[in-house]
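Comments concern the structure below.
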Amino acid sequence: MTFLHPELLILSPLVALPIVIHLLNRMRYRRVRWAAIDFLLTSERRAIRRARLRQLLLMALRMLLLATALAALAQPVVRGGLAALLGGSTQVAVVLDASASMSATGTGGSAFECGKRMARAELRELPRGTRAAAGTFAPAFRSPFREPLQDRAAVAAVLRDAPLTGGAGDVPRALIAAAGTLGRGGGGGAIWLLTDLQASGWRVQDTAEWDQVRRALHDAGDPRLLITDLVPGVESNLSIAAVRTDPAVLVEGDKPKLTATVELRSRTGAGTVASVGLFLDGRRIDTRTHEFAASGRADVVFRLPTLESGAHAGRLELTSPDALPADDQFHFVLRAAAQLPVLVADGAPSAVPFDAAADFVELALRPPESDISQRSHFTTRTIPAAELPAAELDAFVAVVLADVPALDPDAVARLRAYTAAGGLVVAFPGAHTDVAAWNSAGFPDLPLGGTVESVTGKKMRLGAVSPNSPLTATLPAEGLDRVLVERLFRLDVGERPAETLIHTESGQPFFVRLQAGKGKVYVFAVSAQADFSNLPFTQLLLLILHRAIQTHLVDAAEPLARPAFAELRLSLPPGAHRLILPDGEPVPLARPTDGVLAFDQTDRTGIYRLASGAEPPEEAEPVAAFNVPASESELERVDAATVNALLPNVPVTLSQADSGADSLSEGRSSRSAASTFPLAALAIAFLLGEVLLAWSMTRPSKTATEGETP
Amino acid sequence: MPPRKERQIDRRAIGRVSRLQLRARQAVEGYYSGIHKSPYHGFNVEFAEYREYAPGDDPRYVDWRVLARTDRFFIKQFEAETNLSCYVLLDASGSMEFTSEPETRLDYGAALAASLSLLMLRQGDQAGLVVFDHGVRQFIPPRGNARHFGAIIEALEQVQAGSDTNIGAVLHEIAERVRRRSLVIVISDLLDDVDTLLNGLQHFRHRRHEVIVLHLLDDAEIEFPFDRVTLFEGMERGEQVVVDPRVVAESYRTRFRTYLERLRRGCTEKNIDYQRLQLSEPFDRALTAYLGRRAK
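Chains V and L are the protein sequences, given in the same order.
Under our numbering, the residue at position 590 of the first sequence is numbered 590, and the numbers go up by one with no gaps.
Under our numbering, the residue at position 210 of the second sequence is numbered 1210, and the numbers go up by one with no gaps.
Here you go:
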């Protein structure tokens, strides 16, 4: 036996309350020293024994009263013959797939609308007494029903108002949730799954998840599983799988390239022509076409207009719609920075040009345009290292420590806070660096072990690089062998969570990356001056610095787009804010104490905008774009054999849209009853018994024998 | 062991009572001249009756005037008033500690015993005291002098409620020890088997003692005025019983009334003066009323 509200059983210790009260009363008995005790002991022995029995009976009745009342509230559920005896009924949980792929349109409309109509019609036709619940699922199961209800009109209304989401389906999770609903309704019955059977949503490879499904179904009394295939028969599908810009880090004035990856999925293998339109800030920018000869992916490249600083809402649209419209649009948000300022802390300022390491760093970050193929996005500000404690580091995309002799505790604290929040620090120890002070300061967490000098007359060369890092993977071809090292600091990597990106030929770490909070610290083994190596005179310093900062900015930047249902984290300044959803619906936001709000109602695809104060929605800043996940564009479907293999002991009926509902009315052997009436009647009976007994106990005994004396 | 509590007897109340008289209703024998009739008819003090002369009679008591008038021999008989021996038997068993009043049953009984003793002494009789529970705890033989009262008072002030009781057996024991015909006053709660109790009292009557039974009762014992579940604890053997008075009260009252009636009837049949005294009534007033009724 199970309970509809097992949480109420936590009150079961209350059943012992009459015993406690009885014991307390015993402790509170009035005590009387009585001379004529024999009159009570001898002549009333029977009456006293009877009174004791009555008290015990009264206590038992009260306990039974509490137990039955509690059980009635918890609503026990029985199955089988007893359930039929108690008038139990069968139940059904309707589970409608609301993933983006259900937008596939056939002659009767979308699969989703078709499923809603079918479910509502069948709910009306269910036999009287049948209890029902309904919910939709994409990544998560949504249902307002804790257990199936007799009010099938309410269930149908929920289905009528259910929206199609832009998310991916998750069938196992939906089945577990539906099984829980039936379990709370007494178990047994049937789960009616209306879906397009898209393979990605079934997660066939996730055996652990399907183990849970089997357990949940078993725990729910092994309900039948009816599956209705709603797919209208999509033969091919074009979708926009991804978008990227070049450069990845955008700055005001850029005219970046935008590359859209378009994918054709075709059952027949036939090709097609994809026509893609680009919209930015509501304006059509361009339309490009690509001819697919067969299934596959292709990049469609656009040139964006000159960007102003700020966020720009963009959209790619397949202008040749297909049977699956949900993935024919791809929304994105471009963010162009006004500038990328870098702070250079100069450890040994000098009036002589290029006497200080900071001069070479500045030059690498802002080289003459003739030295690089593209203009640099960076601006620099150089300060003496002693002013670090007073600097506002958050205003800079990176901080470079150039030949800093020693960091005082305040500077260390600032740098730690900066990296913990996601900042980037690049350190060049140099001739002025006090090794002992560096090591005792503890920042960066990479002790220096003194300098290693080159063998007389022969300079060290750089050898291995990390092939997996985009910073260094191409350096061997870009002149790594031109770097000659006269001396370098020994970097004590040890067991630290650090990655050596460049080694010398002798295996000494030359360039090391450390993770520090959300940020990073890069440490060179040489200075940015020419006294350690010729690195400042090679293009490698420029390449490494630029790539390190840009890679970090790309890593830390908000993505261009996210899949539906991903969590959106918003840093809210003080004041009133609204989030404008893609369809224009405003959602008031309550600012948390730390200012960072997690928003997860992102089931609609499109641009989400943040409006501050009374700002009109159309002027609100775009903050994020949510799209249909690529998995929803797949055409692979599961078949009956796969479903039966996943659920070997579950009675599964798989049918097409026009016949699936018929089996709902069949096989009502799996009944359950959750009626509390018998228990409530029992509780009332016990209450009456208790009242009668208590009343009888207040009446004097008539059994005393006249004339009997002690 | 808790210090013994010395009883304070209300001597003024005793003084009020002692101005009364307690007359024996039957003839008693004594050493001194008192207010009670002697069974030994003599020839002084007060004429009683005539009877015909019989051989062996002392010719000194022949009434010659009657002989002269009637020519028959009549003997003049006189009654001599004599003093009385009185034994006050005070029950000091555990149940005598009971009370729902300010003073215990034992206090009440001790005051009664003191009053009766003083009363007897003041009217020239002899008073003795027997304190008992399951046996005789103290036996003060009757004396007639004034200092004797001091001994009785001292004994009464010291008396403490003892253990359980067996009144019937104790009365037999005391009856064996009292040889001279006396007035025996039993002061007790009489919480014992009625038949055994009456047998004990009968023993006194068998020895031709006059017996007065003063039955001390608390109002609560008669009325049983409880209304919620109560743990009753015996005062002599410590028995405990939890009782819902709503269940047993009526039955208890019936049984107690029956017990009292049997006791009263048994005493009446044995020519024993039975008097119930309730602790709610001051002992001097109750005793005054009783003696007044008895004097009639």
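The beta-carbon is built from N, C-alpha and C at its ideal position, and this holds for glycine as well.
A quick note: this is a predicted structure, and the numbers were derived from the prediction, not measured.
Closer than 8 Å, CB to CB, is residue i near chain L or not?
| i | result |
| --- | --- |
| V:W34 | yes |
| V:V20 | no |
| V:A51 | yes |
| V:A216 | no |
| V:R62 | no |
| V:R31 | yes |
| V:A694 | no |
| V:G667 | Because the pLDDT of V:G667 is 43, which lies under 50, any placement of that residue in the model is unreliable, and the number read from its coordinates should be weighed accordingly. Not closer than 8 Å to any Cβ of chain L, the Cβ of V:G667 fails to qualify, so no. |
Under 8 Å, Cβ to Cβ, is there at least one residue of chain V near residue i?
| i | result |
| --- | --- |
| L:L1231 | yes |
| L:S1280 | no |
| L:M1120 | no |
| L:L998 | The question about residue 998 of chain L has no answer here: the residues shown for chain L are numbered 1001 through 1296. |
| L:V1211 | no |
| L:V1248 | yes |
| L:S1188 | no |
| L:F1132 | no |
| L:S1095 | yes |
| L:E1269 | no |
| L:G1234 | yes |
| L:D1244 | yes |
| L:H1221 | The question names His, but residue 1221 of chain L in the sequence shown is Glu. Output row for L:E1221: interface = yes. |
| L:R1228 | yes |
By the criterion of Cβ-Cβ separation under 8 Å, what are the contact partners of residue i in chain C?
| i | result |
| --- | --- |
| L:E1239 | Annotation note: the requested chain C is absent from the structure, which comprises protein chains V and L. |
Cβ of residue i within 8 Å of Cβ of residue j?
| i | j | result |
| --- | --- | --- |
| V:D254 | V:L340 | no |
| V:R604 | V:G109 | no |
| V:V741 | V:P148 | Absent from the model: residue 741 of chain V. The displayed extent of chain V is 1 to 710, so no value can be given. |
| V:R599 | V:L560 | Rather than Arg, the amino acid found at residue 599 of chain V in this sequence is Phe. Going by C-beta atoms, V:F599 is not nearer than 8 Å to V:L560. |
| V:S275 | V:L318 | yes |
| V:L194 | V:M118 | yes |
| V:A413 | V:G519 | no |
| V:R152 | V:L123 | yes |
| V:R244 | V:A557 | no |
| V:V404 | V:G449 | no |
| V:A190 | V:P144 | no |
| V:W192 | V:V171 | no |
| V:S527 | V:M460 | no |
| L:G1150 | L:Q1126 | no |
| V:S99 | V:A168 | yes |
| V:V251 | V:P622 | no |
| V:L530 | V:Q508 | At residue 530 of chain V the sequence reads Ala, which differs from the Leu that was named. Cβ distance not < 8 Å, so V:A530 and V:Q508 don't count as in contact. |
| V:A402 | V:A358 | yes |
| L:Y1087 | L:G1128 | yes |
On the criterion of 16 or more Cβ atoms from any shown chain inside 10 Å, does residue i qualify as buried, or is it exposed?
| i | result |
| --- | --- |
| V:M27 | exposed |
| V:E453 | exposed |
| V:H546 | buried |
| V:V301 | exposed |
| V:T207 | exposed |
| V:V352 | exposed |
| V:I240 | buried |
| V:S12 | exposed |
| V:H577 | buried |
| V:Q656 | exposed |
Ordered list of alpha helix (DSSP H) runs contained in the stretch 317 to 396 of chain V, each at least 4 residues: You should have 357 to 365.
Please list the segments of the beta strand (DSSP E) lying wholly inside the stretch 1081 to 1149 of chain L, counting only runs of 3 or more residues, in order along the chain. Within the stretch 1081 to 1149 of chain L, the beta strand (DSSP E) runs of at least 3 residues that lie entirely inside it are, in chain order, 1085 to 1091, 1126 to 1132, 1136 to 1143.
At 3 residues or longer, and completely inside the stretch 565 to 632 of chain V: list those beta strand (DSSP E) runs for me, N to C. Runs found: 568 to 571, 577 to 580, 586 to 589, 596 to 599, 606 to 612, 621 to 627.
Short-range partners of chain V found in the stretch 1253 to 1264 of chain L, where Cβ spacing is below 8 Å: Answer in chain order: T1254, R1255, F1256, T1258, Y1259, R1262.
Which parts of the stretch 112 to 191 of chain V are runs of the beta strand (DSSP E), unbroken and 3 residues or longer, counting only runs that do not cross its ends? You should have 131 to 137.
Compile a chain-ordered list of the residues in the stretch 1084 to 1111 of chain L whose CB is closer than 7 Å to at least one CB of chain V. Taking 7 Å as the Cβ-Cβ cut-off against chain V, the residues of the stretch 1084 to 1111 of chain L that qualify are S1095, F1098.
In the stretch 1197 to 1268 of chain L, which residue ranges form an unbroken beta strand (DSSP E) of at least 3 residues, counting only runs that do not cross its ends? Within the stretch 1197 to 1268 of chain L, the runs of beta strand (DSSP E) at least 3 residues long that lie entirely inside it are, in chain order, 1210 to 1217, 1230 to 1234, 1240 to 1243.
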